[in-house]
Amino acid sequence: MTDLKILLLTPPMTQLNTPYPATAYLTGFLRMHHYAVEQRDPAIELILALLSKHGLSEIKAELEANFEGLSEEDVPYEVSYFLENYFAYANTVEPCLRFLQGKDPSLAIRLCSRKYVPEGIGFDALHQMEELEGGEHLFYAFGNLGTQDKAKYLASLFIAGLAKVINEGIDPRFELSRYGERLAASNPVFDDLHDSIEGQETFVDDALKEITLRYLKETGANVLGITLPFPGNVYAGLKIAQTAKAFNPEIKVILGGGYVNTELRSLKDPRVFQYVDYISVDDGERPLLNLLEHLKGERPESELLRTYVLKNGLIEFINSKKTHDIPHRDVGTPTYDGLPLDKYLSICELPNPMHRIWSDGRWNKITLAHGCYWNKCSFCDVSLDYIARYDEAQADIILARMEALIAETGQTGFHFVDEAAPPKILLALAQKIIEKGLTITWWGNVRFEKTFTPKVAQILAASGCIAVSGGLEVASDRLLKLMNKGVTVSQVARVTQAFTDAGVLVHAYLMYGFPSQTQSETIDALENVRQLFKMGCIQSGYWHRFAATVHSPVGKNPEMFNIQIAPQEDIWFASNDLDFYDPVQCDHDALGKGLNKALYNYMQGIGLDEDVRIWFEDKVPRPKVNPNFIESALRQA
Ligand code: SF4
4 MTDLKILLLT PPMTQLNTPY PATAYLTGFL RMHHYAVEQR DPAIELILAL LSKHGLSEIK
64 AELEANFEGL SEEDVPYEVS YFLENYFAYA NTVEPCLRFL QGKDPSLAIR LCSRKYVPEG
124 IGFDALHQME ELEGGEHLFY AFGNLGTQDK AKYLASLFIA GLAKVINEGI DPRFELSRYG
184 ERLAASNPVF DDLHDSIEGQ ETFVDDALKE ITLRYLKETG ANVLGITLPF PGNVYAGLKI
244 AQTAKAFNPE IKVILGGGYV NTELRSLKDP RVFQYVDYIS VDDGERPLLN LLEHLKGERP
304 ESELLRTYVL KNGLIEFINS KKTHDIPHRD VGTPTYDGLP LDKYLSICEL PNPMHRIWSD
364 GRWNKITLAH GCYWNKCSFC DVSLDYIARY DEAQADIILA RMEALIAETG QTGFHFVDEA
424 APPKILLALA QKIIEKGLTI TWWGNVRFEK TFTPKVAQIL AASGCIAVSG GLEVASDRLL
484 KLMNKGVTVS QVARVTQAFT DAGVLVHAYL MYGFPSQTQS ETIDALENVR QLFKMGCIQS
544 GYWHRFAATV HSPVGKNPEM FNIQIAPQED IWFASNDLDF YDPVQCDHDA LGKGLNKALY
604 NYMQGIGLDE DVRIWFEDKV PRPKVNPNFI ESALRQA
């Protein structure tokens, strides 16, 4: 191949509010190296095709055919409600999408009237909360944020309801932010995905095929790069590859992305290569460059970097040492050229303040560094390149990239997508933004470490920082030490207060079910969290259930955490989460319900003076934490 035409795609489904950044990075990088590259986003296009007036008329016809002749009780509620209210859905779907695209703000008043869209599907949680709170839920959830936010929430529930109709009546793999996720996540065998890809195609498959063929025709691509960031992209990614191979058997298909990097490191099933030609792991820039040179006949196959190929029916991993990864300072500026920036949807499905920032509004995504400068947490993938290889770029390089993105997109909002943004670079960048008098709005993940003094937090806020998220994890000093997090609860209190005082919203990642965590420690953790909310240190949070993963210190050295990993099946396809036995017995599932209930209420300022035990259905121990623990920690600042 001499004349390479490259097409990069992010398969459905990911976030709907903004493009996933991988193709933007690679397009910018490859164009810098003079390749002809186009990028497209089939995820947003698929949603807009399905949820259009025409799409709904086809969904209606498909549902009527699928459920023809069945008795009423055999038709899912979502399907019968949709069919009964079809005209209301068909008449409001496009105005709602335009509203969520920010193109028709005046619709907000009609949406808030609660008489505009049908509320039969997707609104259950809201209706339940309204019943409990006497119709006051929207008021509590959004405070005085106003009509636009409430309307976005209602329109998002409406869209989520339509996704449920598709899920129940047409394609059970389909969800709004993931597609066929269960087929791919930690699945040791390829059979489920293979059967699904080769099985009966649904209306959603047909729509995706149409979009893929349109892209292939308009770009004339002979190389197709598909990024698979999550398990919920894999099914659609392989369907796209299948369509491309059927359309043009000569096309070269390459897979990469976060899912591949974490889950496909023990890949053995050759059937995956029915759909693809190359699979590369870890950072994509150099492997892709080597591969494209190989396709042009300028580099032997033996010089590929971290790339799986199929040879004589067996998978081979080629990892030449002749070339090295591209330093972060040289990866170039991402470009969004080719992506329909005016079509993304500001979805707001949960009245969680951080979730709103995450899913509402369009953000230019950029990384300050490659990897994590801490790289020590025992639950994290610290053995993998995306965490372990730390490589930063200077603040002025980052700022130049940001200015180029603003010039291209006209948008000044940035999400720093580092796993943990390095404080030194953040501060230097903030000072440069202030010096230049730029208007930028930004947010990102940090470690709650001592460097973030009140003064530093003020500088970051002055440069446009509106929110930070960070790990408080198990909120217990014994367990934070065991997980090598490098922070204490008192330190987190002081750092988060510094951010809050500077006017920055703080979201805490919380965790429960860590090895050896007792019931009493979980209750104490919630007491710490209650006090942090009460003292105004944090405004948002999310409890994650601990999972032992293959690439983490816990997964690699379970004996150090006094747990036993369950014997694994022979891995032919994906592997990530590990089952384990913990001799410290604790019903984490039951505790999880109470933790989530408490947090949901704390985020709305409810129950902050109540005993934490009220949130649990079963009896739990009294917290042992001093009721003034966080207040005293703040006084020591
Ligand atoms: S959990 Fe965060 S801070 Fe810890 S090693 Fe992973 S990326 Fe770094």
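Mapping to the working numbering: the sequence shown position 369 is 372, numbers consecutive.
By construction, the Cβ of each residue, glycine as well, lies at the ideal position given by its N, Cα and C atoms.
Could you check whether the Cβ of A423 sits closer than 7 Å to any heavy atom belonging to the ligand SF4?
yes
Quick check: is the beta carbon of D44 nearer than 8 Å to any beta carbon in chain B?
Note that chain B does not occur in the displayed structure, where there is just one protein chain.
Pair within 8 Å by beta-carbon distance, P343 and L211:
no
Out of F233, G558, E81, H358, state which residue places its alpha-carbon closest to the alpha-carbon of S380.
It should be pointed out that residue 380 corresponds to Cys in this sequence rather than to Ser. Minimum Cα distance to C380 is reached at G558.
beta-carbon W366 near the ligand SF4 non-hydrogen atom, thresh 7 Å
Not under cutoff, so the answer is no.
May I ask you to report which of helix, strand or coil DSSP gives H373?
strand
Under three-state DSSP, which class holds D573?
coil
Under 7 Å from any heavy atom of the ligand SF4, does the C-beta of N560 make it?
For the ligand SF4, no non-hydrogen atom lies closer than 7 Å to the CB of N560.
Just tell me which of L294, F276, V284 has its CA closest to the CA of G316.
F276
Report buried or exposed for V459, applying the criterion of at least 16 other Cβ atoms within 10 angstroms of its Cβ.
buried
Excluding the 5 residues preceding and the 5 following I254 in the sequence, name in chain order all residues of the same chain whose CB lies nearer than 6 Å to its CB.
N225, L227, A247
I'd like to know whether the C-beta atoms of I568 and A551 end up nearer to each other than 8 Å.
yes
Applying the 10 Å Cβ sphere with the 16-neighbour rule, what's the burial state of N236?
buried
Quick check: V263 and L231, are their CB atoms within less than 8 Å of each other?
yes
Helix, strand or coil for K255, going by three-state DSSP, please let me know.
strand
Any heavy atom of the ligand SF4 closer than 7 Å to the beta-carbon of R2?
Outside the shown range of the chain (4 to 640) lies residue 2, about which nothing can therefore be said.
Buried versus exposed, by CB contacts within 10 Å (16 or more), N560
exposed
If we count the other Cβ atoms within 10 Å of its Cβ and call it buried at 16 or more, is M1 buried or exposed?
The structure shown does not extend to residue 1, since the chain is modelled only from 4 to 640, so the question has no answer here.
With DSSP as the reference, please indicate the residues paired to F583 in a beta bridge.
I568
Under the DSSP definition of a beta bridge, which residues are partnered with T444?
G416
Specify the secondary structure class of N293 as computed by DSSP and reduced to three states.
Three-state result, N293: helix.
Which of the three DSSP states is assigned to Y339 in this structure?
Three-state DSSP puts Y339 in coil, outside helix and strand.
Expressed to the nearest angstrom, what Euclidean distance is found between the alpha-carbon atoms of G287 and S323?
Cα to Cα, G287 sits roughly 15 Å from S323.
Can we count G447 as close to the ligand SF4, meaning its CB is less than 7 Å from some heavy atom?
no
Pair every Cβ in the region 506-513 with every Cβ in the region 536-543, then say whether three or more of these pairs are closer than 8 Å.
Contact annotation: the region 506-513 touches the region 536-543, with at least three C-beta pairs closer than 8 Å.
What is the DSSP secondary structure of Q277, counted as helix, strand or coil?
helix
Is the Cβ-Cβ distance between L294 and Y281 less than 8 Å?
yes
Validate contact between the region 428-448 and the region 482-490 using beta carbons, cut 8 Å, 3 pairs:
no
Bridge-paired residues (DSSP) for T230
G259
Mind listing, in chain order, the continuous alpha helix (DSSP H) runs of no fewer than 4 residues lying wholly within the region 43-67?
45-53
How about L662 and I257: are their beta carbons less than 8 Å apart?
A query on residue 662 cannot be resolved here, the shown segment of the chain reaching from 4 to 640 and no further.
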